[in-house]
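Participant:
Protein chains: 2
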Amino acid sequence: MIVMEYLSPHIIMRKGLIRGIEYPRFAADIAEFLAATLFNTSVLAGAAAEHKRRLELFACNIALCRITEDLVFTDPYREAPLNRWTSPQLDADKRAFETDAALKVAAQARKYQFLTAGQALIHGDLHTGSIMLTPDDTRVIDPEFAFVGPIGFDVGAVIGNLLLAFFAQEGHEAAPHARDPYRTWILDQVVAVWTGFHDRFLALWRQAREGEAFVAGLFASPQDEVALEAERRRFLRMLFEDSLAFGGLKMIRRILGLAHVEDLESIAEPARRAVCERKALRLARALVVEGAKFSDISDVIEAARAVARG
Amino acid sequence: MIVMEYLSPHIIMRKGLIRGIEYPRFAADIAEFLAATLFNTSVLAGAAAEHKRRLELFACNIALCRITEDLVFTDPYREAPLNRWTSPQLDADKRAFETDAALKVAAQARKYQFLTAGQALIHGDLHTGSIMLTPDDTRVIDPEFAFVGPIGFDVGAVIGNLLLAFFAQEGHEAAPHARDPYRTWILDQVVAVWTGFHDRFLALWRQAREGEAFVAGLFASPQDEVALEAERRRFLRMLFEDSLAFGGLKMIRRILGLAHVEDLESIAEPARRAVCERKALRLARALVVEGAKFSDISDVIEAARAVARG
């Protein structure tokens with residue numbers, strides 16, 4: 353991870369998103385960061401022995417993983433003393449989520465995945481408050497939640513937090529539609545982050561020669577390459593659904609759980625904030641429960657726009 | 353694991369299967385062993401912190417896991433100096449597997465799962481040479497391959513090795529059909545092991561109150577229980593396909609790879625052995641590549657009988 357220097361001109365991305373600032377390098381940089389860190393710390397890129405040592409090294413990160421396990425996957429779906437939400441506006445929404453059997457099962461199935469899928473060394477908390485930017489530079493900070501976990505958790509964190517910023521725009525614009533161009537910019541970043549990650553991850557995999565899963569030497573003929581490429585596509589489709597689900601869960605926990613985000617918290621008027629939050633919850637639930645219905649990232653954008661229109 | 357005492361009257365199960373001995377307690381005992389060890393060392397049963405400590409403790413088992421990674425998932429599908437097979441009878445079969453793109457991709461996808469799915473503390477080498485029996489008692493030995501891996505690897509090891517014993521009967525019977533009753537007994541054990549494991553694992557999950565995945569307190573209403581039960585069934589269906597695929601891979605490695613099994617090796621006449629082995633390979637390939645087509649364990653039995661008839 354790239355560590356921030358003191359006195360840098362970078363600002364936390366979340367603050368930039370609230371102000372409506374565009375960052376031309378962000379999507380390409382973060383897509384490269386995601387693909388490079390997540391591919392290169394996996395057994396698609398390297399040795400099994402190295403992976404086991406990574407697992408061993410980070411398995412002691414029990415306390416911080418525990419925070420995620422509770423606050424992301426469990427607490428928003430039950431009465432927990434530290435939960436907060438915009439009340440009374442979202443009281444019924446909170447209660448509906450507590451009794452939403454399909455959503456609770458999906459959230460806990462993702463918790464199981466978080467606890468058992470040792471795919472790569474993940475950042476573990478890659479929201480827009482862990483990214484610092486200038487127009488020319490992108491840096492990732494706060495790696496204290498890192499462990500060997502599911503790849504989609506990092507990708508989903510970025511996408512989910514961009515979508516939170518998208519829904520928050522309604523609470524920040526001076527007049528209706530004033531921020532429409534910025535909304536479009538945010539959604540373009542969602543597309544660019546996913547597409548950039550997807551294409552780069554795929555390219556790294558195609559070039560890999562040292563990975564101990566899908567051993568390169570086994571696949572020599574044109575038919576082998578066709579079958580392997582189909583498997584790569586299947587794998588990336590799985591990462592897509594993982595990313596949407598984890599992203600959706602991270603949106604929900606920021607609205608109904610303990611730790612909220614400034615994008616929404618800085619909307620002073622509760623009724624106005626609740627309108628944004630309810631829309632974000634609606635898309636988030638679809639991402640968690642109905643991931644299979646999104647054929648690609650453009651479907652997510654379309655759904656976000658449809659929900660935003662109300 | 354239960355450790356063998358010296359001077360015990362138990363014999364290695366594989367030797368019993370060659371002799372044609374029935375063990376009335378075997379299926380129930382091993383199903384209980386599988387369900388209890390695999391459920392109780394998972395986050396379905398216990399704490400995340402405990403699971404991470406288990407992962408950490410066994411992550412150093414690099415060398416023995418490495419043997420499995422190479423010998424089960426990779427070497428049988430390429431030219432490796434230590435591979436052996438009944439030659440020349442199976443030369444064409446070996447070459448066909450080396451160029452079978454779908455099979456190689458499936459084998460490597462299972463290797464990826466073996467390297468990344470930290471579901472439970474598995475035995476890691478639970479073939480019928482790691483089980484010792486009397487008519488009244490069942491013991492599991494040789495836990496040196498143990499690590500936190502995919503549940504289906506242990507279940508599949510038992511099923512795959514029973515199926516090897518089934519196909520080997522043709523090489524051991526005094527006259528055609530002489531061992532038909534014993535064939536039926538073996539296939540009954542396959543059904544009993546899977547069904548017993550399935551039902552017991554499900555029962556343990558339904559009773560669980562301390563698991564940190566699928567937190568019990570979240571699921572209180574009748575609708576919650578319906579949704580959670582559907583998820584349990586989905587999970588067990590996944591374990592079923594995992595078990596078939598791992599079982600099939602373990603059958604293949606015993607016929608085309610380095611380490612063979614006495615069930616087949618003790619058939620002195622190569623032509624006769626090759627007939628048994630070719631049939632075993634045919635079912636094994638289906639288990640690895642077409643697991644989704646088996647609606648339940650009775651389909652596997654039917655397929656085994658169809659392949660055995662030739």
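Going line by line, the protein sequences match chains A and B.
Every number in the numbering used here is 352 more than the matching position in the first sequence, counting from 1.
Every number in the numbering used here is 352 more than the matching position in the second sequence, counting from 1.
In this text, a Cβ means the ideal position worked out from N, Cα and C, and glycines have one as well.
Does DSSP put A/R377 in a helix, in a strand, or in coil?
Facilitator: A/R377: coil per DSSP, three-state reduction.
Participant: In the structure shown, what three-state DSSP assignment does B/L608 receive?
Facilitator: The answer is helix: DSSP assigns B/L608 an H, G or I state.
Participant: I'd like the list of long-range same chain contacts for B/L591, defined as Cβ closer than 6 Å, with 5 residues on each side in sequence excluded.
Facilitator: Cβ within range, chain order: I503, G504.
Participant: For the stretch 356–426 of chain B, list the alpha helix (DSSP H) runs that are entirely contained and at least 4 residues long, ordered along the chain.
Facilitator: Counting whole runs of 4 or more residues, the stretch 356–426 of chain B contains the alpha helix (DSSP H) stretches 365–371, 378–392, 400–410, 414–425.
Participant: Got a sec, what are the start and stop residues for the alpha helix (DSSP H) A/V641 sits in?
Facilitator: Its alpha helix (DSSP H) spans residues 622–641.
Participant: Are B/G501 and B/I474 closer than 9 Å when you measure CB to CB?
Facilitator: Yes; because the gap between Cβ atoms is below 9 Å, this pair is in contact.
Participant: Classify B/T536 as helix, strand or coil using the three-state DSSP reduction.
Facilitator: If DSSP states are grouped into helix, strand and coil, B/T536 belongs with the helices.
Participant: With three or more C-beta pairs closer than 8 Å as the rule, is the stretch 418–431 of chain A touching the stretch 444–463 of chain A?
Facilitator: Contact between the stretch 444–463 of chain A and the stretch 418–431 of chain A is present, because at least three Cβ pairs lie under 8 Å.
Participant: Please tell me whether B/Q460 has its Cβ less than 9 Å away from any Cβ of chain A.
Facilitator: Output row for B/Q460: interface = yes.
Participant: Take A/L390 as the anchor and find which of A/G508, A/P361, A/M484, A/L601 has the nearest alpha-carbon.
Facilitator: Out of A/G508, A/P361, A/M484, A/L601, A/G508 has the C-alpha closest to the C-alpha of A/L390.
Participant: Exposed or buried, A/R531, counting other C-beta atoms within 10 Å across all chains shown (16 or more means buried)?
Facilitator: Buried, by the Cβ-count rule.
Participant: From the DSSP output, in three-state form, read off B/I474 for me.
Facilitator: Reduced to three states, the DSSP call for B/I474 is strand.
Participant: Could you work out which residues of chain B lie near A/S595, taking near to mean beta carbons separated by less than 7 Å?
Facilitator: Here the premise fails: no neighbours, minimum Cβ distance about 17 Å.
Participant: Compute the distance between the beta-carbons of A/R625 and A/G523, then report whether it is under 9 Å.
Facilitator: Contact flag set, yes.
Participant: Less than 9 Å between the C-beta atoms of B/A411 and A/L416, yes or no?
Facilitator: Cβ atoms of B/A411 and A/L416: not closer than 9 Å.
Participant: State the Cα-Cα distance for the pair B/H362 and B/D489, rounded to the nearest angstrom.
Facilitator: If you take the alpha carbons of B/H362 and B/D489, they lie about 8 Å apart.
Participant: Examine the Cβ distances between the stretch 627–646 of chain B and the stretch 569–585 of chain B and report whether three or more of them are shorter than 8 Å.
Facilitator: As far as the Cβ criterion goes, the stretch 627–646 of chain B does not touch the stretch 569–585 of chain B, which means the pair count is below three.
Participant: Looking at the C-beta of A/R605, does it have a partner C-beta in chain B at a distance below 9 Å?
Facilitator: With 9 Å as the cut-off, A/R605 does not count as an interface residue toward chain B.
Participant: Three or more C-beta pairs under 8 Å: does that hold for the stretch 630–637 of chain B against the stretch 513–521 of chain B?
Facilitator: As far as the Cβ criterion goes, the stretch 630–637 of chain B touches the stretch 513–521 of chain B, which means the pair count is three or higher.
Participant: What span of residues does the beta strand (DSSP E) with B/I483 cover, start to end?
Facilitator: Start and end: 483–486.
Participant: Specify, as a first and last residue, the run of the alpha helix (DSSP H) that B/V652 falls within.
Facilitator: Counting along the chain, the alpha helix (DSSP H) containing B/V652 begins and ends at 649–661.
Participant: Looking at C-alpha atoms only, which residue of A/D576, A/A472, A/V545, A/R377 is the closest neighbour of A/L485?
Facilitator: Residue A/R377 is the option with its Cα nearest to A/L485.
Participant: What is the DSSP secondary structure of A/G501, counted as helix, strand or coil?
Facilitator: If DSSP states are grouped into helix, strand and coil, A/G501 belongs with the strands.
Participant: Just the Cα atoms here: how many angstroms apart are B/A472 and A/A444?
Facilitator: Approximately 39 Å between the Cα atoms of the pair.
Participant: Which word fits A/R447, buried or exposed, when buried means at least 16 other C-beta atoms lie within 10 angstroms of its C-beta?
Facilitator: It is exposed - the Cβ of A/R447 has fewer than 16 other Cβ atoms within 10 Å.
Participant: Could you name the residues that DSSP lists as bridge partners for A/D489?
Facilitator: Per DSSP, A/T486.
Participant: Cβ of B/W395 less than 9 Å from any chain A Cβ?
Facilitator: The amino acid at residue 395 of chain B is misidentified as Trp; the sequence shows Val. Yes - at least one Cβ of chain A is within 9 Å of the one on B/V395.
Participant: Grouping DSSP H, G and I as helix and E and B as strand, with all else coil, what is B/A597?
Facilitator: If DSSP states are grouped into helix, strand and coil, B/A597 belongs with the helices.
Participant: Going by DSSP in three states, A/A469 sits in which element: helix, strand or coil?
Facilitator: Strand, per DSSP.
Participant: I'd like to know whether the C-beta of A/L608 is nearer than 9 Å to at least one C-beta of chain B.
Facilitator: No, because no Cβ of chain B sits closer than 9 Å to the Cβ of A/L608.
Participant: What is the rounded straight-line gap between the Cα of A/D477 and the Cα of B/R637?
Facilitator: One C-alpha to the other measures close to 42 Å.
Participant: Looking at A/T438 and A/E607, is the spacing between their C-beta atoms short of 9 Å?
Facilitator: The amino acid at residue 607 of chain A is misidentified as Glu; the sequence shows Ile. Their beta carbons are under 9 Å apart, which means A/I607 touches A/T438 by this criterion.
Participant: Counting pairs of beta carbons, one from the stretch 604–622 of chain A and one from the stretch 566–581 of chain A, are three or more of them closer than 8 Å?
Facilitator: Not touching, per the Cβ criterion.
Participant: Buried or exposed: B/R605, going by 16 or more other Cβ atoms within 10 Å of its Cβ?
Facilitator: With 16 or more Cβ atoms within 10 Å of its Cβ, B/R605 is classed as buried.
Participant: Classify B/R535 as buried or exposed, calling it buried when 16 or more other Cβ atoms lie within 10 Å of its own Cβ.
Facilitator: Per the 10 Å Cβ criterion, buried.
Participant: Starting from the C-beta of A/A623, find all residues in its chain whose C-beta is less than 8 Å away, skip the five residues before and the five after it, and write them out in chain order.
Facilitator: Cβ neighbours of A/A623 beyond the five flanking positions: Q441.
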